[in-house]
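Written below as structure tokens is the structure these notes are about.
Next up, the structure:
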């Protein structure tokens, strides 16, 4: 079964190097642990159903030779009844076999998805920084799908295919070696021919693929840049250019398709030829009296032929698919094995804190590049500490260390004198609330989004938080008020409104330490007044760290730290820094130029 | 849908479209000959021991096999020609429609792109399928039935019993499974959404320690998905054993009943064998027909999605008179109101005029209607009330081309096209000289980084300009608007991503270049507009104040607030 999941990433999977496929198979087998008995039953059922097909087909021939030609009506009817019964049983078996395998496959892929997602929750921040979302998504969706298909179809088909080929092959060989040879030859011909064509078409398909890429790029660019195309009077030129690429694609696709469209009719022809050879040679040898061929044997062979060529080709394709599925499994397991973020061995439970924060000689490196050098700071409970400096100076990084998102190179970060790496992450992140420049809102209603700050909060508490965050007014103006469902990324709200919601979320969290990371940077000035007021209220009685690029917002801070190139280059309050006449003073005065 | 296909196939493509199915009939005919010929070999050649007859018929079978290949191959080639040509024409048409579309409420770019790419491919596959499968399978089915009746009328009632039962069964099962598959698809979408959110919101999740919460949510949805997919798959699992069983029963009846007839010498062995072979062919054809119908219904969705885009096509009625390009570059908005029926107006009674050669500043918060004002001026949309004039001429009486020649715009969204820098900068004027490019890049401060690139103006630009930073893209974007040297220049928040220092350098250069030339600056930063001859303050689609900086400081409370809040606005350059 194919789940259509929209754009697929690896539509044309390259042959993946399967290192250590035995280990992957073994692991898959472990996943199937609880279903092993069911799988064995499925295989037994498959053997029965396939044998029934082989025997049934042979019986047809026998009937012609032994009963019809010998005029044994009673026996004929008995045999037919017998056949009807075994076919009925076989169909019932097939039904159970398929239902069982569906259940096993669905349960297994559910379990795998669950494991991947669960591990995703435990991965350190660095993983998300360094991995493309698209790649992770593709592992979670396509690769799990591939495993699912392998379990549901490929496995059983491969097994049935092998049994049929071997069983029928043997039966055919016993019946007539010559006719068997014809059947095998036609199969080999079909296979070789499609292989040959495939090689020929490979190049044509590669050309087609690359011109398709160009075509899609053009479509994407033109449609997204529509306004530009119109504004710059470029419509005609764009269309002309597009027509050229479009025609190029059509041409290369035609070459590729018409080459490969030979395969179907050719297979059909080889089948027909095998068909006629069996009939003719069979007839000739009956007339000439060579061998033991009878009309019934011809009949059996004709039916076998239709059931033989298919499975052989299938088996070869299936082996290919199976390899791809194994590669998928490997990619999924990689994600499951990715090392999780772990609490220190004897992590401390810390539910409450006064909010005393200290950085002692903290250095931090990312990809061996030193980002922060010897940072020292101390903030008393209730103080406001402002961090200023150019973009990329390391302000946000300092704050990420406070919540232990990344490991330190040197030094210590302490809350109430306790090393943050020794505090349970769940506790630490409840002690420190971060309001980012763009906080993420989830696809659920506003009430639930705010409640994320404190999952056990009552509706009343949510309303209070929203009122204190200045968000209550606009929320109530929405058609569904607090129950308004937010779409993905909450596009129906303005930037400022989204920010008010994330402030409400911070209010409800009631943590002793607060970080405001450029929380007003991308907001228009009207809402900014609301946001500014909300943030001032939020900072009350909390140890607050404010990262800002507007100096007017931080003049009242207890401490101002000026950061540049990963170092604290100046510190003091507004007044003392101005008197000092350094970097800060220069910045402050430049606004009056 | 048929109309859509007809409209996009012409000449050879249309011939191929009709010819392919006819040739396919030939292939079907050849395929259907095989069992009959074979039964003749058995009944006549074998029975009489006539070797010549056997060989003669074998050669005939061979001939039909080869002929079948020829027919099949030609049909395939013609079919792919027709479908590819149709796809080509359709894509071209769709792109043209999307480019010419100027309606305010239109499809999102992402949606349009999917329709022009995926949906057209679906349609293409469909046409391919129509030319081959839609003829082949039903004809094999039909032909098989006819042939089996001809060769063995006594056994034909078997088909009369089995086929209707199978068809009714298939219809019931497929019908009942469709809603289940739809539910499964919804469940797939939900699970995907949760996963995507989890990746995009990783930082927020960590900050609030929402991991458990997210996992619970996912677990619930994941189980739901498992259940839905299982139900859907189980709904169709009955299909294959039942089809198998019916076919086998058919064969048994044919042998049993046929055998009894053969014993009484009413029919021959060959007839029975041929009949059974036809029956296998018929059943296979039937399964394929069902598959094709399912695929067909999927393609119908695509075709209606494509049709929606085609419906956007407006018959571009030519204005009755198109006046010559206005000499002057003055601007006038008279009582301009613009908006959508179901919400409050985006622009409400906008009135202002600007003399030729003056600079206009427009300031206001996001959503105040600044960009809409420019969209109307450049005729992105025509559905508004009131009059807009350039150089005294109503823009509705100018051709689109001359409006766009008169005005150059640097948009806030600085999209670059793949190609090289040169291609991008000459986008509005392919005839631009090297001097023009140099000047534009100096004014926009792009020269700073272009000069450092090894290939200078020949440097390749990747899709969406990914290989340049946001600030660099905006500078190239400004240069692109400068190259055509249009009479009127609009800067729509075009420096939002460049640093303060570069911003003021650009401003300085621009003031020199555009001295006494009509220029409109839209910005959220007061510093960018404060030197303009006239500044307009937009609030909620209305002009609440206009005048120069000094006048506005006195008149407008909003402007004063803006100036005071932005006094602290110091953007850190690289000090």
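Protein chains in written order, with this note's numbering: chain F, 1 to 593; chain W, 594 to 1168.
All C-beta atoms in this analysis are idealised placements derived from N, C-alpha and C, irrespective of residue type, glycine included.
In this text, all values refer to a predicted model and were calculated from it rather than measured experimentally.
Excluding five sequence positions before and after residue 906 (chain W), the CB atoms of its chain that fall closer than 6 Å to its own CB belong to 690, given in chain order. In terms of Cα proximity to residue 874 (chain W), the closest of F:295, F:302, F:290, F:294 is F:302.
Scanning chain F for C-beta atoms nearer than 9 Å to the C-beta of residue 971 (chain W) yields 227, 230, 231, reported in chain order. Taking a beta-carbon distance threshold of 9 Å, residue 250 (chain F) counts as an interface residue toward chain W.
Under the criterion of beta carbons closer than 8 Å, residue 280 (chain F) and residue 305 (chain F) do not qualify as touching, at roughly 14 Å. Residues of chain F whose Cβ lies closer than 7 Å to the Cβ of residue 710 (chain W) are, in chain order, 216, 219.
With contacts defined as CB atoms closer than 9 Å, residue 381 (chain F) and residue 543 (chain F) qualify as a contacting pair. At a cut-off of 9 Å between C-beta atoms, residue 859 (chain W) does not count as an interface residue with respect to chain F. For the stretch 636-647 of chain W, the residues whose beta carbon sits under 7 Å from a beta carbon of chain F are, in order, 638, 639, 642, 644, 647. The shortest C-alpha to C-alpha distance from residue 340 (chain F) to any of F:126, F:54, F:413, F:458 is the one to F:126. Below 8 Å, too few C-beta pairs join the stretch 1003-1021 of chain W and the stretch 942-952 of chain W to call them touching: fewer than three.
Cβ-Cβ distances below 6 Å link residue 594 (chain W) to 896 in the same chain, with the five nearest sequence neighbours on each side left out; the list follows chain order.
By the CB criterion at 9 Å, residue 1014 (chain W) and residue 971 (chain W) fall outside the cutoff. Within chain F, not a single residue places a beta-carbon under 8 Å from that of residue 1080 (chain W); the smallest gap is close to 14 Å. When secondary structure is reduced to three states using DSSP, residue 343 (chain F) falls in the coil class, being assigned neither helix nor strand.
An exposed status is given to residue 586 (chain F), since fewer than 16 other beta-carbon atoms sit within 10 Å of its beta-carbon. Sequence-distant Cβ neighbours of residue 486 (chain F) in its own chain, meaning closer than 8 Å and more than five residues away, are 441, 442, 443, 444, 445, 446, 449, 492, 493.
Contact check for residue 112 (chain F) and residue 144 (chain F): beta-carbon distance about 6 Å, within the 8 Å limit, so the pair qualifies.
Residue 661 (chain W): not part of any beta strand (DSSP E); member of the alpha helix (DSSP H) spanning 644-693, first to last residue. Under the 9 Å criterion on CB atoms, residue 747 (chain W) is classed as non-interfacial with respect to chain F. About 12 Å separates the beta carbons of residue 357 (chain F) and residue 428 (chain F), which is beyond the 8 Å limit, so they are not a contact pair.
The continuous alpha helix (DSSP H) containing residue 58 (chain F) extends over residues 36-62. Here the alpha carbon of residue 950 (chain W) sits roughly 33 Å from the alpha carbon of residue 933 (chain W).
Here residue 198 (chain F) is exposed. Its C-beta has fewer than 16 other C-beta atoms within 10 Å. By the C-beta criterion, the stretch 796-809 of chain W is judged not to be in contact with the stretch 703-715 of chain W, since fewer than 3 inter-stretch pairs fall below 8 Å. Assigned with DSSP and collapsed to three states, residue 360 (chain F) falls in strand.
Here residue 148 (chain F) is near residue 109 (chain F), since their CB atoms are less than 9 Å apart. The shortest CA-to-CA distance from residue 764 (chain W) to any of W:643, W:829, W:778 is the one to W:829. Residue environment: residue 813 (chain W) is assigned as exposed (fewer than 16 neighbouring CB atoms within 10 Å of its CB, all protein chains considered). DSSP, read as helix, strand or coil, puts residue 868 (chain W) in helix. Fewer than three beta-carbon pairs drawn from the stretch 782-797 of chain W and the stretch 753-760 of chain W are found closer than 8 Å, and the two stretches are therefore not classed as touching.
A Cβ-Cβ distance of about 7 Å is found for the pair residue 532 (chain F) and residue 553 (chain F), placing them in contact under the 8 Å criterion. In this structure, W:827 is the residue among W:827, W:1074, W:1091, W:1099 with its C-alpha nearest to the C-alpha of residue 97 (chain F). Within the same chain, and ignoring the five residues on either side of residue 419 (chain F) in sequence, the residues whose Cβ sits closer than 6 Å to its Cβ are 412.
The alpha carbon of residue 422 (chain F) has as its nearest neighbour, out of F:349, F:433, F:389, F:398, the alpha carbon of F:349. Residues of chain W with a Cβ closer than 9 Å to the Cβ of residue 125 (chain F) are, in chain order, 795, 796, 799.
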